[in-house]
Structures are given as structure tokens and as C-alpha cells.
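**Student:** This is the structure I want to talk about, given as C-alpha cells.
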Amino acid sequence: MNSNAIPERKDVPASDKWDLTTLFKSDGDWEKALAQIESDAKTVASFQGKLSNSAQDLLDALKSYEALWKNIELVDNYASLLHTADEGDEKSTDMEGRAAMASSKAAALTSFFDSELSAIPDKDINAWIEKEEFKDYKIYVQKLLRQKEHILSEKEERILALQSESGATAEKTFSVAENVDLNNLFGTINVDGKELPLTQTTWTQFMENPDRAIREKAYKQFYKNFEKHQNILANLYAGSVNQDVFISRARGYKSSLDAALFSNKVPESVYRNLIDTVHKNFGPLRKYYSIRKRALGLKELRHYDVYVPLVQNVQTKTSYDQAVEICREALSPLGKDYTDVLCGGLKGGWVDRYENKGKRSGAFSSGAYTGYPYILLNYKDSIIRDVFTMAHEGGHSMHSWFSSKNNPFMQYSYTIFEAEVASTFNEELVFQYLLKNAKDQEMRSYLLAMRAADIMATLHRQTMFAEYELKAHELVENGTPLSAPVLRKLYRSLLEEYFGPEMIFEENSDMEGLRIPHFYSAFYVYKYATGISAALALADRVTKGGETERNDYFNFLKSGGSRYPIESLKVAGVDMSSPQPVQAALDKFAAIIDELDKSIK
Numbered sequence: 176m177n178s179n180a181i182p183e184r185k186d187v188p189a190s191d192k193w194d195l196t197t198l199f200k201s202d203g204d205w206e207k208a209l210a211q212i213e214s215d216a217k218t219v220a221s222f223q224g225k226l227s228n229s230a231q232d233l234l235d236a237l238k239s240y241e242a243l244w245k246n247i248e249l250v251d252n253y254a255s256l257l258h259t260a261d262e263g264d265e266k267s268t269d270m271e272g273r274a275a276m277a278s279s280k281a282a283a284l285t286s287f288f289d290s291e292l293s294a295i296p297d298k299d300i301n302a303w304i305e306k307e308e309f310k311d312y313k314i315y316v317q318k319l320l321r322q323k324e325h326i327l328s329e330k331e332e333r334i335l336a337l338q339s340e341s342g343a344t345a346e347k348t349f350s351v352a353e354n355v356d357l358n359n360l361f362g363t364i365n366v367d368g369k370e371l372p373l374t375q376t377t378w379t380q381f382m383e384n385p386d387r388a389i390r391e392k393a394y395k396q397f398y399k400n401f402e403k404h405q406n407i408l409a410n411l412y413a414g415s416v417n418q419d420v421f422i423s424r425a426r427g428y429k430s431s432l433d434a435a436l437f438s439n440k441v442p443e444s445v446y447r448n449l450i451d452t453v454h455k456n457f458g459p460l461r462k463y464y465s466i467r468k469r470a471l472g473l474k475e476l477r478h479y480d481v482y483v484p485l486v487q488n489v490q491t492k493t494s495y496d497q498a499v500e501i502c503r504e505a506l507s508p509l510g511k512d513y514t515d516v517l518c519g520g521l522k523g524g525w526v527d528r529y530e531n532k533g534k535r536s537g538a539f540s541s542g543a544y545t546g547y548p549y550i551l552l553n554y555k556d557s558i559i560r561d562v563f564t565m566a567h568e569g570g571h572s573m574h575s576w577f578s579s580k581n582n583p584f585m586q587y588s589y590t591i592f593e594a595e596v597a598s599t600f601n602e603e604l605v606f607q608y609l610l611k612n613a614k615d616q617e618m619r620s621y622l623l624a625m626r627a628a629d630i631m632a633t634l635h636r637q638t639m640f641a642e643y644e645l646k647a648h649e650l651v652e653n654g655t656p657l658s659a660p661v662l663r664k665l666y667r668s669l670l671e672e673y674f675g676p677e678m679i680f681e682e683n684s685d686m687e688g689l690r691i692p693h694f695y696s697a698f699y700v701y702k703y704a705t706g707i708s709a710a711l712a713l714a715d716r717v718t719k720g721g722e723t724e725r726n727d728y729f730n731f732l733k734s735g736g737s738r739y740p741i742e743s744l745k746v747a748g749v750d751m752s753s754p755q756p757v758q759a760a761l762d763k764f765a766a767i768i769d770e771l772d773k774s775i776k
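Numbered per the numbering used here, the sequence shown finishes at 776, counting up by one with no gaps.
Structure, rendered in C-alpha cells:
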């Protein structure tokens, strides 16, 4: 699908869409499962006041609880996937809304569960979960008991459950505004006599266009539209931050950051050391922008100059099927079993491949316990980075595939901290493969420049985002309300600090801070930065090692939620409690920059 015209969802061929029949054969089957949620929730509710009676009562309750949430995950996933494929579709919007309401109602009916379970005397519950019949629930219970101090009373938990749907209003409204309402207002950009649509997805293409006038026009037209709605966008983000602060305080955490990290047993030092280590290594980043300014032949470097390829005369065109085969070859160090499953999925129903009107921008993997580990792409054959995106999301999906096949439902779900390792691990192997097979020095320089940009985007940029999130939350926690001027000033200060003196920003460049979807999942983006740090270390370990190193990596993928993430990564062979992996990743970036400096004049 390479036409400049963006199709309606109804006009997308079935071969280019994901096959959702592994979740439900029809919408009718989904409706039946949706209706089952309330009945299942009432079954769980019938155990209220009985969890501490005996081991058998607790076991029966856990089985009912598992059945409820397994079905909810299935119902939510199906509706969410339909909705993200076309956020302007009324039917899928209604389905996602009803799924959310059913989930919220079920959470309210079963809100007693965690608090009542955590109230069981330690001597009783610790003895019960050692029984063989509890093997599928032991780790879940142990992790829950660790959060005992932050589990509230039954009535308080019910209140929090009842407000969960309204608490998600800011995130949902932002998504619809950005991907539907605002996305229809960007207009078109004239390229070679053709009016091409400017959208969230095509934005990247315009920013990579070698014609600076096109980049400038697209950039200013894009952010002008966001600026017109700055107060709405700022209020939405403020609402999301306020919700985070409310939940952290209601549950007795020290801060929003503490609340976000506690359940995964990630020390705050990991987050703060990431920021500190990146700050101490700004030198190579400054050098990168100096090289970019020189390579592009610019008197001044502007924000719309940061994405265009440094080696501009290397054209690439990679079909979707060719990209799959690149992934197959690049990931061959992981073995044929791995690549056969992944590539079979990429061609066989896991993926929604191309952009259509109303479709969510970007890419994601939506792996669940049941069904395919689905992938949303907006693949463009003219953008070589989309090959990396395919490998990235494929890493997520294979992690989900391994986790679901090697763990019971109640402990299969791995953390995002771990997920970003599997995805960026795949990206690194694709880079190594393409670099090794580069036909000439020009292509090698092209790949090095692209990889430098990718590492910068994943490590430096995501750390900047993480610092912005931290400071925004700390402002609220210290009594400063968030507004458009406050948020824009904060974001501009970070832009200037990270990009350095070479960069000249537009008056509305700081609107970028109000258009990033990940900010609505607080303290998420730092995991990209820690993830690439761990991934680079593990990719090096696996490719230079043998069967032992590869098996260590597979044991990590198989672990699911059976360990805390820091412990899980130690199994793979990397210690993220130390700043050393981050420093090593920054050293690798510095080495690439040095090579670029020599090859690009």
C-alpha cells in the first residue's frame, strides 16, 4: 500500500490487517464475553469475607478471580485493537467504552479482594501458598503481599475502583483529539507539485525530507495547529498528572515516582542515575549536533533539521516482505525456531501494516495471554527506520509469546522495564546485520548516522522526556499548578539544555511537550532509555557468546512476571541496578559519533 492517498479503514485489504479471530470469531462472541464479565465478577464477590476461612476457600477465590480477569483482558484487547485501527469509528468507540465500563464495574465489585487477601495472617497465607495446588498463584500472592502497606481498606479500594474510568478521561480525550480531531486540521504540504496530507504519521516523512523549505513549512504548520489548542492540551496533561498525584497520595507513597516504581521493585536511584549519567555525557551529544550542522551545510541548526538523514543521497526502498526477511536474517543468532515464529506472525495475521484514516499513529505491540501478540504498524517502504520499528515491535511480541507459553495467567505479564529490552535488542541485531552487509562506505556512513540518531532518540531524548515528567509531577507535588505557560517554560529549558548551543528553536517548539502520548502513562519513557542500555549489553553478549548466553537470554524472555525486572535481567546477564550499562551505552554512542566525524565532512 504505497499510494499517497490514505485509505478509509473499510478499503484496507484483509491481508494488510491483523486477524483478530484468535481473540473472538465475531463481534457477537465478543458481546457474549462482555456480558459474562458481570456474572464472573459476582462470583468473585461471593467470596467476600471468606478468603481467610481456609486454604480451599482462598484457592477457589483465586481461580474465580483469574477467570474474571483473563476474560476482561480478552474483551479489552479486542475492543482496543478495533478502536486503535480507526479511532473515528463509532462502533469500535462504543465497544471500547462498554468494555471499560464493564471492567470498571468488575473492579468495583471485586475491590475487596486485595485488601482482604493481604489481611490474612502471615503464618496462614505463607503456609497455604506453599501447597502444590497454589503453584499458579504463589508469585502473584507474594507480590501482592509486598504492596500490603499501600493497599487500602475495602471501602477505600472500592472508591478508587469506581473512579478509575473517570480517572482515564484525560488520556482518552488526548488520544481522540490528537489522532482524530486535530489530525484532520494539519492540512497538506506541496511536494513536487503534489499536495500530500500532513498527519501524525506522515510528519516523520516530512521531517526527513532533504528539502529544508518543506521541513520548515511542515514543522511550522504542524506546531501552529497544536499551539492553537495549547490550553486544552495543557489542561489535559495537568489532569493526568493530578490523577497520578492523587493515586500516589491516596495509597501512601512518598511521591508519584515512588508509586510508579514500587510495584516493580525498581529503586528510585535507577531513574535518577539515568538522568545524572546522561547529563554527565552531554559532550558527544553536543558533538553530534555540530556534525549535523556541518554535514547539512547550515549556518544555523533549527529543530526541523534534526531528523533529516545526514547522508542524504542514499535512497532506500524496502517492501514489507523484504523487511520481514531482513528481520529473519538479522535475528538468526537467536535461532531458527525464534525467527520462524516471528516471521510467520509478521506475515500471518499478527500485524496491522499500513496507515488508514483514523488509525492511531506510531506503532505498538499488544500481547495478551490469549491470541496472537498483535502489532500495529504504519509501515512506509521509503523509511528504512520502519524496518527497525518492525523488529522492535516484533521483540515485544516475541517476549509476549514466550511469556504466555511458559507461565500461568497470574504471573505471565512482564513489566515494561523488561519489554523495552527485548524490543531494542532486536533493533541492535538489525543494525549489526545491515552494517555488516553495507555495499559501500556511503551506505555504511548512512547506517552509522541513522544508528547514532536512533540511540540518541531512545537514550538521550527519552531521558529528557523522563526528566520532564519528573519535574512536572514534582511541581504539582510541591504546590505549583500546571498550565500552558508553566509546562512550555519547563519543556523549553530542557530542550535548550539537551540540544545545546548549536540549536535554534522556534517560538512554539516547546509545544512538543504537549503532544507526546506516552506522557499519559506516567514514568514510562525512562524504560526506553534503560531498555536500550540493557539491550546493547545483551546483544553484545549473545552475538559474541554461545549457547549458554543465548539460553540465558531465552530464560529472561520466558520468565514473564515470575521475577522482578532487575532480578530477571540479572538472569540474562546484565545488572541494571548499576549505572554501568547506561554509561556503556553512552560510550558506544560516543564511538559512533567519532566515526561519523571522520566519515562525514
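Here a beta-carbon is modelled for each residue, glycine too, at the ideal position from N, C-alpha and C.
These numbers were taken from a predicted model, which means no experiment stands behind them.
For V489, which residues from the same chain have a beta carbon less than 7 Å from its beta carbon, with the 5 sequence-adjacent residues on both sides left out?
**Tutor:** Translated into the one-based positions of the sequence shown, residue 489 becomes position 314. Same-chain partners within the cutoff: E617, M618, Y621.
**Student:** Answer yes or no: do R690 and F381 have a C-beta to C-beta separation smaller than 7 Å?
**Tutor:** Counting from one through the sequence shown, the residue named residue 690 turns up at place 515. Counting from one through the sequence shown, the residue named residue 381 turns up at place 206. No; because the gap between Cβ atoms is not below 7 Å, this pair is not in contact.
**Student:** Are the CB atoms of L249 and A345 within a distance shorter than 7 Å?
**Tutor:** The count along the sequence shown starts at 1 and reaches residue 345 at position 170. The count along the sequence shown starts at 1 and reaches residue 249 at position 74. For A345 and L249, no; Cβs fall outside 7 Å.
**Student:** Span of the beta strand (DSSP E) holding L551?
**Tutor:** For the purposes of this step, residue 551 is taken as the residue at position 376 of the sequence shown. Counting along the chain, the beta strand (DSSP E) containing L551 begins and ends at 549-551.
**Student:** Would you check if there are 3 or more beta carbon pairs closer than 8 Å linking the segment 412-422 to the segment 336-351?
**Tutor:** Contact between the segment 412-422 and the segment 336-351 is present, because at least three Cβ pairs lie under 8 Å.
**Student:** Please report how far the alpha carbon of K646 lies from the alpha carbon of L657, in whole angstroms.
**Tutor:** Against the sequence shown, residue 646 aligns to sequence position 471. Against the sequence shown, residue 657 aligns to sequence position 482. Straight-line Cα distance between these residues: approximately 11 Å.
**Student:** Going by Cα to Cα distance, which pick from S286, S201, T285, A230 is closest to A254?
**Tutor:** By one-based count along the sequence shown, residue 254 stands at place 79. Measuring from the Cα of A254, the nearest candidate turns out to be S201.
**Student:** For E183, collect the residues of the same chain with a Cβ closer than 7 Å to its Cβ; drop the 5 residues on either side in sequence, then sort them by chain order.
**Tutor:** Indexing the sequence shown from 1 puts residue 183 at position 8. Excluding positions up to five away in sequence, the list reads N531, K532.
**Student:** Taking three-plus beta-carbon pairs below 8 Å as touching, is the segment 289-303 in contact with the segment 214-232?
**Tutor:** They touch, by the three-pair rule.
**Student:** Cutting at 7 Å between CB atoms, please list the residues of its own chain near S290, excluding the five before and the five after it.
**Tutor:** Looking up residue 290 in the sequence shown gives position 115. Once the five neighbours on either side are set aside, the close Cβ partners of S290 are I326, L327, S328, E329, E332.
**Student:** Output the boundary residues of the alpha helix (DSSP H) element that contains V717.
**Tutor:** For the purposes of this step, residue 717 is taken as the residue at position 542 of the sequence shown. Counting along the chain, the alpha helix (DSSP H) containing V717 begins and ends at 701-719.
**Student:** If we call anything under 7 Å between Cβ atoms a contact, is R626 one with F606?
**Tutor:** Taking the first residue of the sequence shown as 1, we reach residue 626 at position 451. Taking the first residue of the sequence shown as 1, we reach residue 606 at position 431. Closer than 7 Å, so yes.
**Student:** Only counting runs of 4 or more residues, tell me where the alpha helix (DSSP H) segments fall wholly within the segment 534-584, in order along the chain.
**Tutor:** For the segment 534-584, whole alpha helix (DSSP H) runs of length 4 or above, ordered along the chain, are 560-581.
**Student:** State the Cα-Cα distance for the pair Y463 and A765, rounded to the nearest angstrom.
**Tutor:** Sequence index remark: in the sequence shown, residue 463 carries index 288 (1-based). Sequence index remark: in the sequence shown, residue 765 carries index 590 (1-based). Going from the Cα of Y463 to the Cα of A765 covers about 9 Å.
**Student:** Please say whether E262 and N359 have beta carbons closer to each other than 7 Å?
**Tutor:** Translated into positions along the sequence shown, residue 359 becomes position 184. Translated into positions along the sequence shown, residue 262 becomes position 87. In this structure, E262 does not lie closer than 7 Å to N359 by Cβ.
**Student:** Alpha carbon to alpha carbon, how far is E383 from N456? Give it in angstroms, no decimals.
**Tutor:** Translated into positions along the sequence shown, residue 456 becomes position 281. Translated into positions along the sequence shown, residue 383 becomes position 208. Approximately 27 Å between the Cα atoms of the pair.
**Student:** Starting from the Cα of L517, find the closest Cα among D769, S572, P484, Y479 and give me that residue.
**Tutor:** As a working note, residue 517 is residue 342 in the sequence shown. If we check each option's Cα against that of L517, S572 comes out closest.
**Student:** Indicate whether A624 and L771 have their beta-carbon atoms separated by less than 7 Å.
**Tutor:** In the sequence shown, counting from the first residue as 1, residue 624 sits at position 449. In the sequence shown, counting from the first residue as 1, residue 771 sits at position 596. For A624 and L771, yes; Cβs fall inside 7 Å.
**Student:** Excluding the 5 residues preceding and the 5 following F640 in the sequence, name in chain order all residues of the same chain whose CB lies nearer than 6 Å to its CB.
**Tutor:** Along the sequence shown, read from residue 1 onward, the residue named residue 640 stands at position 465. Cβ within range, chain order: V700.
**Student:** Taking the alpha carbon of S438 as the reference point, which residue from S423, T376, D451 has its own alpha carbon closest?
**Tutor:** Within the sequence shown, residue 438 is the residue found at index 263, counting from 1. Of the candidates S423, T376, D451, the one whose C-alpha sits nearest the C-alpha of S438 is S423.
**Student:** Let's test the definition: count the other Cβ atoms within 10 Å of the Cβ of G510 and tell me whether it reaches 16, buried, or not, exposed.
**Tutor:** Translated into positions along the sequence shown, residue 510 becomes position 335. With fewer than 16 other Cβ atoms within 10 Å, it is exposed.
**Student:** Give me the Cβ distance between L744 and A710, rounded to the nearest whole Å; I'm assuming they're in contact under 8 Å.
**Tutor:** As a position in the sequence shown, residue 744 is number 569, starting the count at 1. As a position in the sequence shown, residue 710 is number 535, starting the count at 1. Actually they are not in contact, since the Cβ atoms of L744 and A710 sit about 10 Å apart, beyond 8 Å.
**Student:** Return the residue from the list T491, N246, H635 that minimises the CA-CA distance to L449.
**Tutor:** As a first step, residue 449 must be located in the sequence shown, where it is residue number 274. Per the Cα distances, H635.
**Student:** Rounded to whole angstroms, what's the CA-CA distance from K313 to E593? Just pull it up for me.
**Tutor:** Looking up residue 313 in the sequence shown gives position 138. Looking up residue 593 in the sequence shown gives position 418. Answer to the nearest angstrom: the Cα atoms are 21 Å apart.
**Student:** Beta-carbon of G675 versus every beta-carbon of chain C: anything under 7 Å?
**Tutor:** Annotation note: the requested chain C is absent from the structure, which comprises a single protein chain.
**Student:** I'd like the span of the alpha helix (DSSP H) that includes T493, first residue to last.
**Tutor:** By 1-based counting over the sequence shown, the position of residue 493 is 318. Element bounds for T493: n/a, residue is neither H nor E.
**Student:** Tell me the rounded alpha-carbon separation between E340 and M276.
**Tutor:** For the purposes of this step, residue 340 is identified with residue 165 of the sequence shown, where counting begins at 1. For the purposes of this step, residue 276 is identified with residue 101 of the sequence shown, where counting begins at 1. Straight-line Cα distance between these residues: approximately 7 Å.
**Student:** Terminal residues of the continuous alpha helix (DSSP H) containing P756?
**Tutor:** If you number the sequence shown from 1, residue 756 lands on position 581. That run of the alpha helix (DSSP H) goes 755-774.
**Student:** Taking the beta carbon of E642 as the centre, do at least 16 other beta carbons fall within 10 Å, making it buried, or is it exposed?
**Tutor:** Locating residue 642 in the sequence shown gives position 467, where the first residue counts as 1. By the 10 Å Cβ count, E642 comes out buried.
**Student:** Using only alpha-carbon positions, find the residue among E644, Q317, L732, T376 that is nearest to A538.
**Tutor:** The sequence position of residue 538 within the sequence shown is 363, counting from 1. It is T376 whose Cα lies nearest to the Cα of A538.
**Student:** Near K522, what residues of its chain come up, given a Cβ to Cβ distance below 7 Å and the 5 sequence neighbours on each side ignored?
**Tutor:** In the sequence shown, the residue the question calls residue 522 occupies position 347. Closer than 7 Å at Cβ, skipping near neighbours: V499.
**Student:** Starting from T363, trace the beta strand (DSSP E) both ways and give me its first and last residue.
**Tutor:** By 1-based counting over the sequence shown, the position of residue 363 is 188. 363-366 is the span of the beta strand (DSSP E), which, as asked, contains T363.
**Student:** For R273 and S578, what's the separation of their Cα atoms in angstroms?
**Tutor:** Locating residue 273 in the sequence shown gives position 98, counting from the first residue. Locating residue 578 in the sequence shown gives position 403, counting from the first residue. The straight-line gap from Cα to Cα measures roughly 29 Å.
**Student:** K347 lies in the alpha helix (DSSP H); which residues open and close that run?
**Tutor:** The residue you call residue 347 lines up with position 172 of the sequence shown. Per DSSP, K347 belongs to the alpha helix (DSSP H) from 344-351.
**Student:** Take L198 and list the residues in its own chain whose beta-carbon comes closer than 7 Å to its own, dropping the five residues that flank it on each side.
**Tutor:** The residue given as residue 198 occupies position 23 in the sequence shown. The answer, listed in chain order, is L249, N252, Y253, T545, G546.
**Student:** Quick check: A236 and A282, are their CB atoms within less than 7 Å of each other?
**Tutor:** Counting from 1 along the sequence shown, the entry for residue 236 is found at position 61. Counting from 1 along the sequence shown, the entry for residue 282 is found at position 107. In this structure, A282 does not lie closer than 7 Å to A236 by Cβ.
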